[in-house]
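Residue numbers (this note's numbering), protein chains in the order written: chain A, 1 to 67; chain B, 68 to 344.
Where a beta carbon is used, it is the ideal one built from N, C-alpha and C, also for glycine.
Owing to the predicted nature of the structure, the values given are computational and were not obtained by experimental measurement.
Please read the structure below before turning to the comments.
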């Protein structure tokens with residue numbers, strides 16, 4: 001298994017998984033979030049292309065209420 | 068101020084008309100807004116209440132924040148399910164950022180989440196007063212503009228920094244009326260007026276409004292708009308207060324355009340002094 005850090009928490013995922021697989025496994029709607037991988041934005045168009053690597057640091061964010 | 072010339076505009080043809088003289092709409096970075104009220108989306112009891120307050124306010128632009136999704140509850144309510152980004156202009160903020168690097172990282176993610184470049188920059192300092200760190204704000208504004216963002220900037224009411232922010236290319240100057248969430252009203256109308264006079268981009272008072280009259284005061288100073296959050300979200304009845312703010316902003320704008328009477332030291336009777344019985 002691949003070990004990642006997602007939003008500061010450890011996460012194991014099957015080797016060869018892509019960003020889209022992670023989003024799906026977490027139960028998130030890919031249209032309502034943004035993903036950063038090792039401080040680089042992952043454009044939505046690349047979710048199916050970019051394979052995850054060991055120790056990737058992933059941030060998944062969404063809009064919330066704010067002033 | 069984008070429309071100072073309005074002060075000298077001729078009155079409407081019909082002098083008995085109660086209609087306000089034609090006003091130019093607020094234009095920020097090429098986007099035309101019919102409402103001069105911008106509201107925040109924080110601190111509401113629910114997104115549902117937030118959506119109803121937004122509707123009552125008549126605002127077309129809302130500020131939003133960007134935060135980590137809760138991985139343990141992927142089905143938690145999302146703001147975009149209650150407030151449609153196609154119907155309203157989302158203005159992502161940098162709340163919680165203390166450096167230019169934090170701000171640019173957050174807004175790049177926001178741009179990816181929503182696909183737009185118009186943003187609200189706020190780089191704060193001390194959590195106690197939440198005053199903006201102006202040196203860092205100026206640096207962050209330059210970084211963001213270089214990266215293709217259109218920056219509406221939250222700033223102190225210092226006319227010197229306000230000018231520097233405009234010079235580096237910010238598309239709206241947003242001085243505080245009072246500390247964020249304090250509801251103290253416009254504490255330094257002299258400085259706000261100086262900023263309005265010198266600015267050629269819209270000036271929007273951001274933070275400090277506590278009640279409807281505060282919004283009117285800001286608009287009577289000649290501000291192009293008002294941005295508020297807690298004044299509505301923190302009211303006992305947020306939806307009713309949102310409606311009050313809508314009217315307060317319109318009243319203040321019309322009052323500014325109408326041009327107030329001069330203040331006098333002594334009384335001046337309103338009824339004729341002749342023909343008394």
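- Interface with chain B (7 Å Cβ-Cβ cutoff): residue 38 of chain A is excluded.
- In this structure, the beta-carbon distance from residue 286 of chain B to residue 250 of chain B does not fall below 7 Å.
- Below the 7 Å Cβ cutoff, chain B contributes 175, 176 and 179 as neighbours of residue 41 of chain A, in chain order.
- Inter-residue distance for residue 66 of chain A and residue 104 of chain B is about 16 Å (C-alpha atoms, whole angstroms).
- Taking 7 Å as the cut-off, the beta carbon of residue 136 of chain B is found closer than this to the beta carbon of residue 62 of chain A.
- Taking a contact to require three or more Cβ pairs closer than 8 Å, the region 114-123 of chain B and the region 297-316 of chain B qualify as touching.
- In the structure shown, the three-state DSSP call for residue 216 of chain B is coil.
- Along the region 102-126 of chain B, going in chain order, the ones with a CB nearer than 8 Å to a CB of chain A are 107, 108, 109, 110, 111, 114 and 117.
- Counting only the Cα atoms, residue 240 of chain B lies some 12 Å from residue 261 of chain B.
- The distance from the Cβ of residue 274 of chain B to that of residue 245 of chain B is about 7 Å, consistent with a contact at the 8 Å cut-off.
- Nearest C-alpha to residue 289 of chain B among B:106, B:213, B:110 and B:257: B:257.
- For residue 23 of chain A, the closest of A:39, A:51 and A:40 by C-alpha to C-alpha distance is A:51.
- Within the same chain, Cβ atoms closer than 6 Å to the Cβ of residue 236 of chain B are found at 212, the five residues on either side in sequence being excluded.
- The region 90-109 of chain B and the region 290-298 of chain B touch, with no fewer than 3 CB-CB distances between them shorter than 8 Å.
- At least one CB atom of chain B sits nearer than 7 Å to the CB of residue 61 of chain A.
- Taking each of B:100, B:97 and B:132 in turn and checking the Cα distance to residue 110 of chain B, the smallest one comes out for B:132.
- Taking the C-beta atoms as reference points, residue 199 of chain B is found nearer than 7 Å to residue 221 of chain B.
- Remark: C-beta atoms of residue 2 of chain A and residue 15 of chain A approach each other more closely than 7 Å.
- Of A:49, A:12, A:20 and A:10, the smallest CA-CA separation from residue 31 of chain A is found for A:20.
- The straight-line gap separating the alpha-carbon atoms of residue 284 of chain B and residue 267 of chain B is approximately 21 Å.
- The beta carbon of residue 129 of chain B sits closer than 8 Å to those of 105, 106, 107, 108, 121, 150, 155, 156, 157 and 158, all from its chain and outside the five residues before and after it, given in chain order.
- With contacts defined as CB atoms closer than 7 Å, residue 185 of chain B and residue 96 of chain B qualify as a contacting pair.
- Distance check between residue 53 of chain A and each of A:33, A:27 and A:12 places A:12 closest, using alpha-carbon atoms only.
- Among the residues of the region 242-260 of chain B, those with a Cβ less than 9 Å away from any Cβ of chain A are 247 and 248, in the order of the chain.
- Against residue 132 of chain B, the close residues of chain A are 63, 64, 65, 66 and 67, in the order they occur along the chain (beta-carbon pairs closer than 9 Å).
- The region 185-230 of chain B contains, as complete beta strand (DSSP E) runs of 3+ residues, the segments 185-188 and 217-222 (chain order).
- For residue 135 of chain B, the beta-bridge partners assigned by DSSP are A:61.
- Closer than 8 Å at the C-beta level to chain A, one finds no residue of the region 197-212 of chain B.
- Residue contact with chain B for residue 27 of chain A: present (Cβ-Cβ distance below 7 Å to some residue of chain B).
- Taking the beta carbon of residue 13 of chain A as reference, no residue of chain B falls within 7 Å; the closest one sits roughly 13 Å away.
- Among the residues facing chain B, residue 51 of chain A is not included, as its CB has no counterpart in that chain under 7 Å away.
- Look at residue 273 of chain B here: in three-state DSSP terms it is strand.
- In the three-state scheme derived from DSSP, where H, G and I count as helix and E and B as strand, residue 235 of chain B is classed as coil.
- Residue 138 of chain B and residue 58 of chain A have their C-alpha atoms roughly 12 Å apart.
- Residue 38 of chain A counts as exposed, since fewer than 16 other C-beta atoms from the protein chains shown sit within 10 angstroms of its C-beta.
- Residue 203 of chain B is positioned such that its CB atom lies no closer than 7 Å to that of residue 218 of chain B.
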